[in-house]
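In our numbering, the protein residues as written are 1251 to 1433.
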Ligand code: SF4
């Protein structure tokens, strides 16, 4: 039995961590294709139907390959599920010393410089924006991630969001007075 076959076996480590897990030939085939691609440093384009167990089929061999991995998802929901559920599960099942970071696009993070400018100017497009900005105040002084998804104002008006986040064009980079604390 190959190493991957043992991991995905009915009495293997994945089965011990996932209730109701059943080995699937398609899942193992995809995992072996991913492992081969990692070993050969090749490009693999894989497509598999619902119920294959695609997430574990790429995570397990990719993590076992031991290098640095970037997983890019189509939605933030899937990203959150991977980060909060699937990755910890595979890490525990395989007993891997995994270090992982969650990265979102820059428009998801507070730009301290533009936020402070907006606070100082105090001119907003609507009372709702003023209320939302006020609602961020306490969080903004405490947050360590700057991730607006964790803020107490879950849905920011787009006009406000664009004023307190940065783009590649308007970010001051190393010239920014808030650079050292930038999220
Ligand atoms: S470095 Fe860029 S993103 Fe960071 S606080 Fe300054 S302007 Fe904003």
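We treat Cβ as the ideally placed atom computed from N, Cα and C, and that holds for glycine. Since the model is a prediction, treat every value here as computed from it, not as a measurement.
Burial state of residue 1307, where buried means 16 or more other Cβ atoms lie within 10 Å: By 1-based counting over the chain shown, the position of residue 1307 is 57. With 16 or more Cβ atoms within 10 Å of its Cβ, residue 1307 is classed as buried.
For the ligand SF4, residues whose Cβ lies under 6 angstroms from any non-hydrogen atom: 1361, 1362, 1363, 1364, 1416, 1421, 1422, 1423, 1426, 1428, 1429, 1432
Inter-stretch contact at 8 angstroms, needing at least 3 Cβ pairs: the stretch 1405-1412 / the stretch 1372-1389: yes
Where the alpha helix (DSSP H) containing residue 1278 begins and where it ends: By one-based count along the chain shown, residue 1278 stands at place 28. It spans 1275-1290 - the alpha helix (DSSP H) in which residue 1278 sits, taken as one unbroken run.
Those residues which DSSP pairs with residue 1397 across a bridge: As a position in the chain shown, residue 1397 is number 147, starting the count at 1. Answer by DSSP bridge pairing, in chain order: 1359.
Per-residue DSSP class, three states only, for residue 1364: As a working mapping, residue 1364 is identified with position 114 in the chain shown. Residue state, collapsed to three classes: helix.
Nonlocal neighbours in the same chain, by C-beta distance under 6 angstroms from residue 1337, ignoring five residues either side: As a position in the chain shown, residue 1337 is number 87, starting the count at 1. Hits under 6 angstroms: 1350.
Residues near residue 1422 by beta carbon distance below 7 angstroms, same chain, minus five either side: Sequence index remark: in the chain shown, residue 1422 carries index 172 (1-based). Cβ within range, chain order: 1363.
Residue environment, residue 1416, which counts as buried when at least 16 other CB atoms sit within 10 Å: Here the question's residue 1416 lines up with position 166 in the chain shown. The residue is buried, with at least 16 neighbouring Cβ atoms inside 10 Å.
6 angstroms CB neighbourhood of residue 1405 in its chain, flanking five on each side removed: Mapped onto the chain shown, residue 1405 falls at position 155. Excluding sequence neighbours, residue 1405 sits near nothing in its chain.
Own chain, CB closer than 7 angstroms to residue 1321, minus 5 neighbours either side, in chain order: Position 71 of the chain shown, counted from the start, is the residue given in the question as residue 1321. Hits under 7 angstroms: 1332.
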